[in-house]
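Q:
There are 2 protein chains.
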Amino acid sequence: MANSNQAGPTKTLYLDDLHVGQRFTSDTHLIDEEQIKAFAKQFDPQPFHLDAEAAKGTLFGGLVASGWNTAAIGGKRYAHRRRVIGAGGEISWPKPTRPGAVLRVESEIIELRPSRSRPDRGMATIRSETRNQLGEIVQVLAAKLVVPRRPSLITPSALPG
Amino acid sequence: MANSNQAGPTKTLYLDDLHVGQRFTSDTHLIDEEQIKAFAKQFDPQPFHLDAEAAKGTLFGGLVASGWNTAAIGGKRYAHRRRVIGAGGEISWPKPTRPGAVLRVESEIIELRPSRSRPDRGMATIRSETRNQLGEIVQVLAAKLVVPRRPSLITPSALPG
């Protein structure tokens with residue numbers, strides 16, 4: 037089981053080293069009021085992300101993190117020592133993330149598909165659940181990632197003619 | 037046609053004021069190398085988001101913005117004077133966003149659905165295309181938003197019994 041909290045230098049992740057069903061668990065991230073407000077100020081300045089008092093009068097009843105904040109935290113848990121490119125995905129936030137939440141991302145590889153036209157890469161579909169310290173799912177992301185192929189495995193016959 | 041670059045104070049957006057087919061166009065946002073690197077440092081520290089030289093050796097061939105950066109910019113174009121809550125959506129990045137890109141978001145309301153269980157809100161599905169200065173689509177987002185209903189239109193018979 038690969039684990040992104042293993043120590044170590046940057047490592048390229050190759051399509052050829054992955055398999056469907058493979059699981060990853062991130063380390064944890066404590067999100068506090070300061071982080072929530074700092075992200076919101078820059079990127080999502082709504083009262084329920086900026087001001088605990090004002091947030092009481094909204095549908096959330098209190099301060100919550102921007103969904104893009106949760107997404108960025110989840111991405112960072114994985115991306116910082118790998119070389120993966122997000123092509124897109126489906127995202128949902130079933131529950132809000134509140135200050136003090138301890139987030140952990142659990143991911144599973146759902147599909148692996150080498151590119152037909154570009155033999156140096158392929159597409160991996162990864163389903164990630166972000167849970168808080170109570171085990172509640174606060175984000176589900178099915179991400180499509182462009183992943184390089186191991187250079188030694190790119191054969192001349194696989195190159196476009 | 038509503039336009040988010042109209043001057044004015046914060047205004048609540050009510051489900052009852054929207055209609056399917058309604059379109060919105062954002063103002064423009066110039067994204068430069070500094071913004072791309074600053075976001076990446078915090079949230080998506082990969083070489084192709086952090087370092088123009090190192091990015092030359094990657095699949096992108098040069099510095100590009102994190103997709104979450106593009107998403108956050110798009111969100112901010114709309115959210116800052118409205119009170120909408122993202123419940124989730126589908127996102128894709130058909131082309132990378134490079135330094136110097138001038139981004140504009142064009143959105144259309146695809147579906148409006150009052151909540152059956154909670155008469156004070158409903159769900160709006162909005163499809164947004166983010167284009168650069170060449171007219172190329174760099175992001176497509178189909179977002180599901182929770183939108184409040186106009187209080188005067190919430191009738192007692194619509195309340196749960």
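Protein chains in written order, with this note's numbering: chain V, 37 to 197; chain E, 37 to 197. Using N, Cα and C, we set each Cβ at its ideal position, and we do this for glycine too.
1) With DSSP as the reference, label V:K77 as helix, strand or coil.
2) Taking CB distances under 9 Å as the criterion, tell me whether V:I121 reaches chain E.
3) Could you check whether the Cβ of E:D80 sits closer than 9 Å to any Cβ belonging to chain V?
4) Checking 9 Å against the spacing of the C-beta atoms, do E:I67 and E:I121 come in under that value?
5) Report buried or exposed for E:Q175, applying the criterion of at least 16 other Cβ atoms within 10 angstroms of its Cβ.
6) For chain E, check one thing: does any of its Cβ atoms lie closer than 9 Å to the Cβ of V:L95?
7) Just list the residues that DSSP pairs V:K205 with in beta bridges.
8) Within 10 Å of its beta-carbon, does E:R185 have 16 or more other beta-carbons around it, so buried, or fewer, so exposed?
9) I'd like to know whether the C-beta of V:V182 is nearer than 9 Å to at least one C-beta of chain E.
10) With a CB to CB cut of under 6 Å and the five nearest residues on each side skipped, what residues in its chain are close to E:S128?
11) At 7 Å on the CB atoms, spell out the chain V contacts of E:G124, in chain order.
12) Have a look at E:G197 and E:R152 and give me their C-alpha separation to the nearest angstrom.
13) Please classify V:S188: is it buried, with 16 or more other beta-carbons within 10 angstroms of its beta-carbon, or exposed?
14) Identify every residue that forms a DSSP beta bridge with V:L148.
15) Can you tell me whether E:A90 is buried or exposed? The criterion is at least 16 other CB atoms within 10 Å of its CB, across all chains shown.
16) I believe V:P130 touches V:I162 by the beta-carbon criterion, under 8 Å. Please report the beta-carbon distance rounded to the nearest angstrom.
17) By a C-beta neighbour count over all protein chains shown, 10 Å radius and 16 as the cutoff for buried, is V:K180 buried or exposed?
18) By how many angstroms is the C-alpha of E:V138 removed from the C-alpha of E:N168?
19) Compute the Euclidean distance between the alpha carbons of V:P45 and E:R140, then round it to the nearest angstrom.
20) Taking only beta-carbon atoms, is E:A108 less than 9 Å away from chain V?
21) Between V:K92 and chain E, is the shortest Cβ-Cβ distance under 9 Å, so that the two count as touching?
22) Under a Cβ-count criterion, where at least 16 other Cβ atoms within 10 Å of its own Cβ denotes burial, should V:K92 be classed as buried or exposed?
23) Anything in chain E within Cβ reach of V:Q157, meaning under 9 Å, just list it in chain order.
24) Throw me the rounded Cβ distance for the V:A178 and V:G125 pair, which I believe falls under 8 Å.
A: Once the coordinates are examined:
1) helix
2) yes
3) yes
4) no
5) buried
6) yes
7) In this structure chain V extends from 37 to 197, so residue 205 of chain V is not present and cannot be described.
8) buried
9) yes
10) V176
11) I127, S128 and W129
12) Note that E:G197 has pLDDT 43, beneath the 50 cutoff, so the model's placement of it is unreliable and no number is given.
13) exposed
14) V:A160
15) exposed
16) Incorrect: roughly 18 Å between the Cβ atoms, too far for contact.
17) buried
18) 5 Å
19) Residue confidence for V:P45 is low, a pLDDT of 49 falling below 50, so the modelled location carries little weight; the figure read from the coordinates is stated next. Going by the C-alpha atoms only, they are around 38 Å apart.
20) yes
21) no
22) exposed
23) Inspection of the sequence shows that residue 157 of chain V is occupied by Arg rather than by Gln. The answer, in chain order, is L95.
24) 5 Å
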